[in-house]
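Colleague:
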Amino acid sequence: MAGPGLTELSTRAREIFRLVVEGYIASGHPVGSRTLAGSGGVALSPASIRSVLQELQDAGLLAAPHTSAGRMPTEVGLRLFVDGIMQVAEPSAADRAQIERGLAEGGTIEAALAAASSALSDLSAAAGVVMVPRREVRLAQVSFVPLGQGRALVVLVGDDGSVENRVIDLPGSASAVTLEQAGNYLTARVAGRTLGEALQLIRAEIAGGRSALDTASAALVERGLAVWSRDAAQRPVLVVRGQANLLDEAALGDIERVRQLLDELESAEAIAGVLDAAREADSARIFIGSENRLFSLSGSSVIAAPWRDGEGRVVGVVGVIGPTRLNYARVVPMVDFTAQSLSRIITQDGFGRK
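Numbering (the numbering used here), first residue to last: 964 to 1317.
1) Per DSSP, what kind of secondary structure is Ile-1251 in: helix, strand or coil?
2) Please classify Asp-1194: does DSSP put it in a helix, a strand, or coil?
3) Tell me where the alpha helix (DSSP H) around Gln-1112 begins and ends.
4) Considering only DSSP beta bridges, list what Pro-1269 is partnered with.
5) Using a 10 Å radius around the Cβ and a threshold of 16 neighbouring Cβ atoms, would you call Gln-1144 buried or exposed?
6) Indicate the three-state DSSP secondary structure (helix, strand or coil) for Met-1297 in the structure shown.
7) Would the region 1120 to 1130 and the region 1083 to 1091 be scored as touching if the rule is three or more Cβ pairs under 8 Å?
8) Starting from the Cα of Gly-1047, find the closest Cα among Leu-1149, Leu-969, Glu-1160 and give me that residue.
9) Counting Cβ pairs closer than 8 Å, one from the region 1294 to 1307 and one from the region 1055 to 1070, do we hit at least three?
10) If you run the structure through DSSP and keep just helix, strand and coil, what is Asp-1132?
11) First and last residue of the alpha helix (DSSP H) that includes Asp-1021?
12) Is the separation between the beta-carbon of Ala-1103 and that of Ala-1170 shorter than 7 Å?
13) Taking one C-beta from the region 1146 to 1153 and one from the region 1101 to 1117 each time, how about it: are there three or more such pairs within less than 8 Å?
14) Quick check for students: name the residue ranges of the beta strand (DSSP E) that lie wholly in the region 1023 to 1071, counting only runs of 3 or more.
15) Would you mind sorting Ser-1263 into buried or exposed? The rule is 16 or more other CB atoms within 10 Å of its CB.
16) In the DSSP output, which residue or residues are listed as bridge partners for Arg-1204?
17) Could you tell me if Thr-974 is buried or exposed, where buried requires 16 or more neighbouring beta carbons within 10 angstroms of its beta carbon?
18) Is the Cβ-Cβ distance between Ser-1304 and Leu-1066 less than 7 Å?
19) Can you grab the Cα-Cα spacing for the pair Leu-1076 / Pro-1269, in whole Å?
20) Excluding five sequence neighbours on each side, which residues of the same chain lie with their C-beta closer than 6 Å to the C-beta of Arg-1204?
21) Between Leu-982 and Tyr-1291, what straight-line distance do the alpha-carbon atoms span, to the nearest angstrom?
22) Pick helix, strand or coil for Val-983, following the three-state DSSP scheme.
23) If you reduce the DSSP assignment to three classes, tell me which class Leu-972 lands in.
24) Have a look at the DSSP bridge pairing and note the partners of Ser-996.
25) Give the secondary structure of Val-1005 by DSSP, where H, G and I count as helix, E and B as strand, and everything else as coil.
26) What is the DSSP secondary structure of Leu-1102, counted as helix, strand or coil?
27) How about Val-1039 and Ala-976: are their beta carbons less than 7 Å apart?
28) Whole-angstrom Cβ separation of Val-1295 and Gly-1282, contact assumed at under 8 Å?
29) What's the C-alpha gap between Val-1280 and Ala-1074?
30) In the DSSP assignment, find the unbroken alpha helix (DSSP H) run with Glu-1274 in it and report its ends.
31) Should Val-1320 go down as buried or exposed, given a rule of 16 or more other Cβ atoms within 10 Å for buried?
32) Sort Tyr-987, Ala-1032, Val-1005, Phe-980 by Cα distance to Leu-1024 and report the nearest one.
33) Quick check on the burial criterion: 16 or more other C-beta atoms within 10 angstroms. Buried or exposed for Val-984?
34) When the Cα of Ala-1137 is compared with those of Glu-1160, Gly-1113, Leu-1119, which residue comes out closest?
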């Protein structure tokens, strides 16, 4: 359900809607007409407020969990609030100091990521999550070993001495000479590059007709690199801190939702997929409830932002996972600040090499 836009709401309806959402985020409980009338923020009678609340409910922005209860925002309502009403400020000096203090104590990149996750968990009262960057080894040598029956073993040796072996299917015309030619060509052209950089280079040369390989060798090179790259991309590593923070007083009233969320947090690969969706963003992205498939059952929200290396390339994502009543206005700038801090320290000479 799309719901109306802000321009379709009257000034009175927009103000009452804002107060309901902010009250719900603060307390975790539905907000009633008497609460709104008694807060002094609305110069209307409870009866008039109830009429506006019903209009907002009919529009799909609010919901009433019980007949006699107050209202709480729907996922559509939360999205409207986040995109059009919420005022985001810079993190407080205390929040910034806590994040930076944790990162400064890290030492290694792994420790810094754990510290970032813990700091976000503590400050947001939710689960802090960091996707650790994949360590891309730079290639030193590439070779192909024939296995017979149209298959070959790709051997990729990194400059750190690591070895990766992958079995690939061969084009029908690939001979032992073709295998040797492809290996020699790759070693000469891609030594010192990461696998991703090597794949990009070879694809560009093949597409531009600059490659010295014949058609069979080109297909072989393309397959060998793509297989290994795809495998590496499927092994993300996550740092998760603060699952216990999800068990707050309001959440205990819906223990099944919390149990579902904790189960989802055990699925590292699936969480990495959600965080990976934030990689192309310039700043924090917000996924509310069913906007991401992983957390559609528990009705949880994700706030995530990418962090980058010294060359501006995205190498990881940091974020927070919690109930949809997260304090978005406070957490969004904290996540952005943490991502910026990680980007800054990852570029420092020698960081993460201890």
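For each residue, glycine too, the CB sits at the ideal point set by N, CA and C. Source: prediction; values computed, not measured.
Modeller: Looking at the coordinates:
1) By 1-based counting over the sequence shown, the position of residue 1251 is 288. The DSSP-derived three-state label of Ile-1251 is strand.
2) The sequence position of residue 1194 within the sequence shown is 231, counting from 1. At Asp-1194 the pLDDT is 45, less than 50, meaning the model places this residue with poor confidence; the figure from the coordinates comes in the next sentence. Reduced to three states, the DSSP call for Asp-1194 is helix.
3) Here residue 1112 refers to the residue found at position 149 of the sequence shown. Unbroken run through Gln-1112: none, as it is neither H nor E.
4) Locating residue 1269 in the sequence shown gives position 306, counting from the first residue. Pro-1269 pairs with Val-1280.
5) Position 181 of the sequence shown holds residue 1144. When all chains shown are included, Gln-1144 counts as buried.
6) Residue numbering aside, residue 1297 sits at position 334 when the sequence shown is read from its first letter. Met-1297 falls in the helix class under three-state DSSP.
7) The way I'd put it, the region 1120 to 1130 doesn't touch the region 1083 to 1091; fewer than three beta-carbon pairs between them come closer than 8 Å.
8) In the sequence shown, the residue the question calls residue 1047 occupies position 84. Comparing Cα positions, the closest option is Leu-969.
9) yes
10) Residue numbering aside, residue 1132 sits at position 169 when the sequence shown is read from its first letter. Note: Asp-1132 maps to strand in three-state DSSP.
11) Within the sequence shown, the letter at position 58 stands for residue 1021. Its alpha helix (DSSP H) spans residues 1009 to 1021.
12) On the sequence shown, position 140 is the one that residue 1103 refers to. On the sequence shown, position 207 is the one that residue 1170 refers to. Cβ distance not < 7 Å, so Ala-1103 and Ala-1170 don't count as in contact.
13) Cβ pair count under 8 Å is three or more, so yes.
14) none
15) Against the sequence shown, residue 1263 aligns to sequence position 300. That one is buried.
16) Position 241 of the sequence shown, counting from 1, holds the residue named residue 1204. Answer is Gly-1091, bridged to Arg-1204.
17) Taking the sequence shown and counting its residues from 1, one reaches residue 974 at position 11. Around the Cβ of Thr-974, a 10 Å sphere holds fewer than 16 other Cβ atoms; the residue is exposed.
18) Here residue 1304 corresponds to residue number 341 of the sequence shown, with the count starting at 1. Here residue 1066 corresponds to residue number 103 of the sequence shown, with the count starting at 1. Cβ distance < 7 Å, so Ser-1304 and Leu-1066 count as in contact.
19) Mapped onto the sequence shown, residue 1076 falls at position 113. Mapped onto the sequence shown, residue 1269 falls at position 306. The straight-line gap from Cα to Cα measures roughly 13 Å.
20) Position 241 of the sequence shown, counted from the first residue, corresponds to residue 1204. Around Arg-1204: Ser-1080, Ser-1081, Ser-1084, Gly-1091.
21) Here residue 982 corresponds to residue number 19 of the sequence shown, with the count starting at 1. Here residue 1291 corresponds to residue number 328 of the sequence shown, with the count starting at 1. Distance between the alpha carbons of Leu-982 and Tyr-1291: 15 Å.
22) Residue 983 sits at position 20 when you count from the first residue of the sequence shown. Residue state, collapsed to three classes: helix.
23) Position 9 of the sequence shown holds residue 972. In this structure, Leu-972 counts as coil in the three-state DSSP scheme.
24) The residue given as residue 996 occupies position 33 in the sequence shown. Paired residues: none, contrary to the question.
25) Here residue 1005 corresponds to residue number 42 of the sequence shown, with the count starting at 1. The answer is coil: DSSP assigns Val-1005 none of H, G, I, E or B.
26) Stepping through the sequence shown from its first residue, residue 1102 is reached at position 139. In this structure, Leu-1102 counts as strand in the three-state DSSP scheme.
27) What you label residue 1039 is simply residue 76 of the sequence shown in a count that begins at 1. What you label residue 976 is simply residue 13 of the sequence shown in a count that begins at 1. Their beta carbons are not under 7 Å apart, which means Val-1039 does not touch Ala-976 by this criterion.
28) On the sequence shown, position 332 is the one that residue 1295 refers to. On the sequence shown, position 319 is the one that residue 1282 refers to. Wrong, their Cβ atoms sit about 10 Å apart, outside the cutoff.
29) Position 317 of the sequence shown, counting from 1, holds the residue named residue 1280. Position 111 of the sequence shown, counting from 1, holds the residue named residue 1074. Roughly 15 Å between the two C-alpha positions.
30) By one-based count along the sequence shown, residue 1274 stands at place 311. No alpha helix (DSSP H) holds Glu-1274; DSSP gives it neither H nor E.
31) For the chain, the structure presents residues 964 to 1317; residue 1320 sits outside this window and is missing.
32) If you number the sequence shown from 1, residue 1024 lands on position 61. Selected option, being the one with the closest Cα: Phe-980.
33) The residue labelled residue 984 in the question sits at position 21 within the sequence shown. By the 10 Å Cβ count, Val-984 comes out buried.
34) Here residue 1137 corresponds to residue number 174 of the sequence shown, with the count starting at 1. Selected option, being the one with the closest Cα: Gly-1113.
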